[in-house]
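These notes are about the structure you will find just below.
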Amino acid sequence: MGQFVFKMGDSVSSHEEVLKRTHEMVTYFIEKPDSTILMDFSGLKFIYPDYALMILCSIKHLEDLGIKVSGTIRYSDNEAVGYLSRMRFFSSLSVKIPQSLKREYPDSFVHIQEYNEGNQVEVLESILRILRANSDMEDDVYASLDYCFNEVLDNVLNHSTKDKGWVVGQYFPNLNSIRLMVCDYGIGIREALKEKYNFSGEKALLSCIEEGVTNGKGQGHGLFATSEFIKMNKGWLSIISGEYKLDYNENRIIVTPCSNWQGTCVYMRINTNIKVDYKKFTGKYYDYKEHLFGKMFT
Numbered sequence: 002m003g004q005f006v007f008k009m010g011d012s013v014s015s016h017e018e019v020l021k022r023t024h025e026m027v028t029y030f031i032e033k034p035d036s037t038i039l040m041d042f043s044g045l046k047f048i049y050p051d052y053a054l055m056i057l058c059s060i061k062h063l064e065d066l067g068i069k070v071s072g073t074i075r076y077s078d079n080e081a082v083g084y085l086s087r088m089r090f091f092s093s094l095s096v097k098i099p100q101s102l103k104r105e106y107p108d109s110f111v112h113i114q115e116y117n118e119g120n121q122v123e124v125l126e127s128i129l130r131i132l133r134a135n136s137d138m139e140d141d142v143y144a145s146l147d148y149c150f151n152e153v154l155d156n157v158l159n160h161s162t163k164d165k166g167w168v169v170g171q172y173f174p175n176l177n178s179i180r181l182m183v184c185d186y187g188i189g190i191r192e193a194l195k196e197k198y199n200f201s202g203e204k205a206l207l208s209c210i211e212e213g214v215t216n217g218k219g220q221g222h223g224l225f226a227t228s229e230f231i232k233m234n235k236g237w238l239s240i241i242s243g244e245y246k247l248d249y250n251e252n253r254i255i256v257t258p259c260s261n262w263q264g265t266c267v268y269m270r271i272n273t274n275i276k277v278d279y280k281k282f283t284g285k286y287y288d289y290k291e292h293l294f295g296k297m298f299t
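Residues are numbered in the working numbering as their position in the sequence shown, beginning at 1, plus a constant of 1.
This is how it looks when you write it as structure tokens:
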């Protein structure tokens, strides 16, 4: 028996650094499943919600493998740990913490939550409702986000071979931007496309945002539409799967090696104040925004 120390401080400032730590943790517990963990958040002053989701989903992956992750959490009574509490990071791990950490924050974030086929629509609508209520989001951006985010949620349930995924998000008013992430610990993009394509891990990520690339269980439109939305919106899209990470914006597309992630993470940063032409990537035969707003007020 050993102990894995997961130290999360302010030096962690990218998805790549979180990936490195989560990969080390997963590898350690697979090799030594009877070990315990020390999660040290004592030096943490700030954390993005998507970083927290990646940590949580890694632990859920270990539990899915039949490995019980238990141990100790070390923390300070500060804003960052209070934020993690409100984001339901600790409660999602069945960890109880003192009430003093549960400070009140504006409802400009979507707490970490699991979704499945039964509650996908409810989760999507609650996320969009919170983000719209707390931001000055353009109607066209709202319609685009509703369309693309639903496609991303669908991808997990249709292609990962798992019956659930995890999601989190937050609006940052000083930046007029939203950060959203969807994670799963399924088979990953390369394996999902293997039924039709003999792609390398790098080629699989480059191809998954091309229109029409699919394993036959969908139309190959969801990630293509999402990438078009991100490009028009001058936002940012990252897709992490296996040992590669794709980064995409209006200026470039690049795939780089990274620490292994079992499954897929899709991260989006969206500007709420930059309009887009949603008609270019939504339904060709009907007006998606008209359909969406008509449904909202019915």
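Virtual Cβ for every residue (Gly too), placed ideally from N, Cα, C.
Small disclaimer: the values here were computed from a predicted structure and weren't measured.
For proline 50, does the three-state DSSP call read helix, strand or coil? helix
Can you check which of these residues, Ser260, Ser239 and Ile98, is closest to tyrosine 268 by C-alpha distance? Ser239
What residue range is occupied by the uninterrupted alpha helix (DSSP H) comprising arginine 191? 190-194
Is valine 27 buried or exposed, if buried means 16 or more other CB atoms sit within 10 Å of its CB? buried
Tell me which residue opens and which closes the beta strand (DSSP E) that lysine 246 is part of. 237-249
Just to confirm my understanding: we take valine 124, look at its own chain, exclude 5 residues before and 5 after, and list those with CB closer than 6 Å. What are they? Tyr116
Exposed or buried, which one is isoleucine 255 when buried takes at least 16 other CB atoms within 10 Å? exposed
From which residue to which residue does the beta strand (DSSP E) around phenylalanine 7 run? 4-8
Do leucine 20 and serine 242 count as a contact pair if the criterion is CB distance below 7 Å? no
With 16 as the cutoff for other CB atoms within 10 Å, does lysine 61 come out buried or exposed? buried
3 or more residues per run - each beta strand (DSSP E) lying fully within the region 163-216: 165-173 and 178-185
With a threshold of 8 Å on Cβ separation, who are the neighbours of glutamine 4 within its own chain once the five nearest residues in sequence on each side are excluded? Ser36, Thr37, Ile38, Leu39 and Gly72
At the 7 Å Cβ level, is glutamate 25 part of the contact set with chain C, yes or no? Included in the structure is just one protein chain, with no chain C present.
Backbone secondary structure at leucine 39 - three-state DSSP: strand
Alpha carbon to alpha carbon, how far is cysteine 58 from tyrosine 148? Give it in angstroms, no decimals. 24 Å
Between the region 151-166 and the region 183-194, do at least 3 Cβ pairs fall closer than 8 Å? yes
Measure the C-alpha to C-alpha separation of leucine 207 and arginine 89 and round it to an integer number of angstroms. 34 Å
CA-CA distance, tyrosine 143 and lysine 232? 15 Å
How many angstroms separate the CA atom of asparagine 177 from the CA atom of isoleucine 74? 34 Å
Kindly list the residues whose CB is nearer than 6 Å to the CB of glutamate 139, restricted to its own chain and excluding five residues on each side of it in sequence; keep chain order. Lys276
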